[in-house]
Amino acid sequence: MTVLRFGGTVLSERTVTVTGTDDLSGLLPDTGYAASTALWTAADRAYDLAAEALARDPDAPVSVVLVTDGESNAGLPASAFLARFAERGPGIPLFAVQAGGSGGELARVAGATGGRVVDADGDKLTEALEALRGCA
1 MTVLRFGGTV LSERTVTVTG TDDLSGLLPD TGYAASTALW TAADRAYDLA AEALARDPDA
61 PVSVVLVTDG ESNAGLPASA FLARFAERGP GIPLFAVQAG GSGGELARVA GATGGRVVDA
121 DGDKLTEALE ALRGCA
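Letter 88 of the sequence shown, counting from 1, is numbered 88 in UniProt numbering, and no numbers are missing.
And the structure:
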């Protein structure tokens with residue numbers, strides 16, 4: 001799994017092998033959040049990485065999961081992301097875990113990729129991620 005941390009741009013990329021919840025500790029910083037959010041720029045970079053993963057193993061199950069408030073105020077607009085998505089061709093869905101904010105644009109983009117949005121308001125992040133995996 002590769003985790004992209006983003007603000008006004010992609011701030012960091014970290015690839016980890018997940019065998020349990022301990023592998024996820026330390027992936028999210030306690031500080032250093034940016035005032036701007038380049039949501040679609042980060043999603044575009046995630047799709048670059050997903051395409052690389054599929055090139056290495058065409059049978060691998062690959063998807064992109066965003067955890068976001070759905071607000072993008074920097075970087076690529078959603079329309080440019082969708083144009084780049086169309087150029088890449090279908091096959092990799094975008095799933096979004098929405099933690100607050102508004103989700104109209106997020107739902108529209110996720111749907112266009114074959115993915116969807118799940119709500120994680122409050123302390124429901126675990127339930128939202130389980131819903132994406134089909135566990136809930």
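C-beta atoms are modelled at their ideal positions from N, C-alpha and C, and glycine is treated no differently. Bear in mind the structure is a predicted one, so any value in this text is a computation, not a measurement.
Check: Compute the Euclidean distance between the alpha carbons of D48 and L76, then round it to the nearest angstrom.; Outcome: 14 Å
Check: I need the DSSP call for E71, collapsed to helix, strand or coil.; Outcome: coil
Check: For T2, which option in T41, V62 and S36 has the closest C-alpha, if you only look at C-alpha atoms?; Outcome: V62
Check: What residue range is occupied by the uninterrupted beta strand (DSSP E) comprising L94?; Outcome: L94 to Q98
Check: Between A99 and V117, is the Cβ-Cβ spacing less than 8 Å?; Outcome: no
Check: Give me the Cα-Cα distance between A38 and R5, rounded to the nearest whole angstrom.; Outcome: 10 Å
Check: How about L94 and L54: are their beta carbons less than 8 Å apart?; Outcome: no
Check: Go ahead and pull the three-state DSSP assignment for L66.; Outcome: strand
Check: Could you tell me which residues DSSP puts in a beta bridge with F6?; Outcome: V10
Check: My output table needs one value for T113: the three-state DSSP class, helix, strand or coil.; Outcome: coil
Check: Less than 8 Å between the beta carbons of D69 and G115, yes or no?; Outcome: no
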